[in-house]
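Undergrad:
Residue numbers (my numbering): 247 to 465.
1. Hey, residue 285 and residue 296 are a contact pair by Cβ (cut 8 angstroms); roughly how many whole angstroms apart?
2. Run through the region 383 to 424 for me and flag every whole alpha helix (DSSP H) of 4 or more residues, listed as ranges in chain order.
3. Would you say residue 318 and residue 395 are within 8 angstroms of each other, going by their C-beta atoms?
4. Distance, Cα to Cα, residue 463 vs residue 447?
5. Mapping DSSP to helix, strand and coil, what is residue 277?
6. Should the region 265 to 279 be regarded as contacting the region 287 to 295, the criterion being three or more beta carbon pairs within less than 8 angstroms?
7. Skipping 5 residues on each side, what residues in its chain have a beta carbon closer than 7 angstroms to that of residue 383?
8. For residue 425 and residue 402, what's the separation of their Cα atoms in angstroms?
9. Buried or exposed: where does residue 261 fall if 16 or more other Cβ atoms within 10 Å of its Cβ makes it buried?
10. Based on Cα-Cα distance, which residue from 327, 279, 380, 329 lies nearest to residue 352?
11. Is residue 290 helix, strand or coil when you go by DSSP?
12. Going by DSSP in three states, residue 323 sits in which element: helix, strand or coil?
13. Taking residue 406 and residue 459 to be in contact with their CB atoms under 8 angstroms, please state how far apart those CB atoms are, rounded to whole angstroms.
14. Could you give the distance in angstroms between the alpha-carbon of residue 391 and the alpha-carbon of residue 336?
15. Given this structure, state the Cα-to-Cα distance separating residue 490 from residue 303, to the nearest angstrom.
16. Straight-line CA distance for residue 330 to residue 377?
17. How big is the Cα-Cα spacing for residue 404 and residue 306?
18. To the nearest angstrom, report how far apart residue 422 and residue 334 are at their CA atoms.
19. Given a cut-off of 8 angstroms, decide if residue 451 and residue 414 are closer than it, judged by their beta-carbon atoms.
20. For residue 399, count neighbouring Cβ atoms within 10 angstroms of its own Cβ and tell me buried if that reaches 16, exposed if not.
Structure, rendered in structure tokens:
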């Protein structure tokens with residue numbers, strides 16, 4: 247493997263600098279409100295350097311999705327301690343009261359969710375490579391969460407309810423996404439009160455299915 251040269255390291259550093267600046271702007275302003283000129287100013291690099299790395303804003307946002315998903319996997323790629331931990335952590339971040347390790351990458355994935363939901367936002371439609379990339383990322387996130395949920399469901403319960411891990415993953419994501427959408431509205435609520443409640447909903451769903459599965463197996 248060829249050694250990295252000072253020039254290649256400088257190029258990689260410039261790209262990271264641009265992505266970090268763009269990430270800050272994207273979380274704050276979204277797709278439509280972020281311009282390549284803004285990214286240039288925020289990164290401290292000339293506009294020509296920004297366009298050298300990314301031919302347009304669409305390509306930049308696709309790279310932001312990749313970058314943010316890598317951050318998400320670093321934090322969320324391992325199994326949580328409990329079923330409710332996944333939900334509580336996600337809602338805490340979505341409600342703008344993030345835990346200490348909540349990353350801007352995770353925050354950007356929430357911004358991207360709005361882009362995917364509103365196909366008209368920023369001129370994005372079904373053919374947008376940004377939307378397509380987000381959908382692909384979302385599928386991989388879902389697969390990861392299903393795997394985590396499956397690790398909490400006992401084998402004898404899975405025999406009776408084979409779709410339970412997927413159902414728990416859908417429920418978890420629906421709660422997290424729903425809280426983010428509500429927190430983004432003008433309606434003010436003390437979301438901290440609801441974090442534990444949402445976690446208990448997922449916990450209770452697992453407990454009820456476990457009890458039902460085992461009652462059916464009793465003679």
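Ideal placement from N, C-alpha and C gives every residue a C-beta, glycine not left out.
TA: To lay it out plainly:
1. 5 angstroms
2. Secondary structure in the region 383 to 424: the alpha helix (DSSP H) runs of 4 residues or longer, each lying completely within the stretch, are 401 to 406 in chain order.
3. Contact check for residue 318 against residue 395 fails: the beta carbons are separated by 8 angstroms or more.
4. 25 angstroms
5. coil
6. yes
7. 311, 315
8. 33 angstroms
9. buried
10. 380
11. coil
12. coil
13. Under the criterion of beta carbons closer than 8 angstroms, residue 406 and residue 459 qualify as touching, at roughly 4 angstroms.
14. 12 angstroms
15. Nothing in the structure corresponds to residue 490, since the chain is present only between 247 and 465.
16. 29 angstroms
17. So the two alpha carbons sit approximately 42 angstroms from each other.
18. 8 angstroms
19. yes
20. buried
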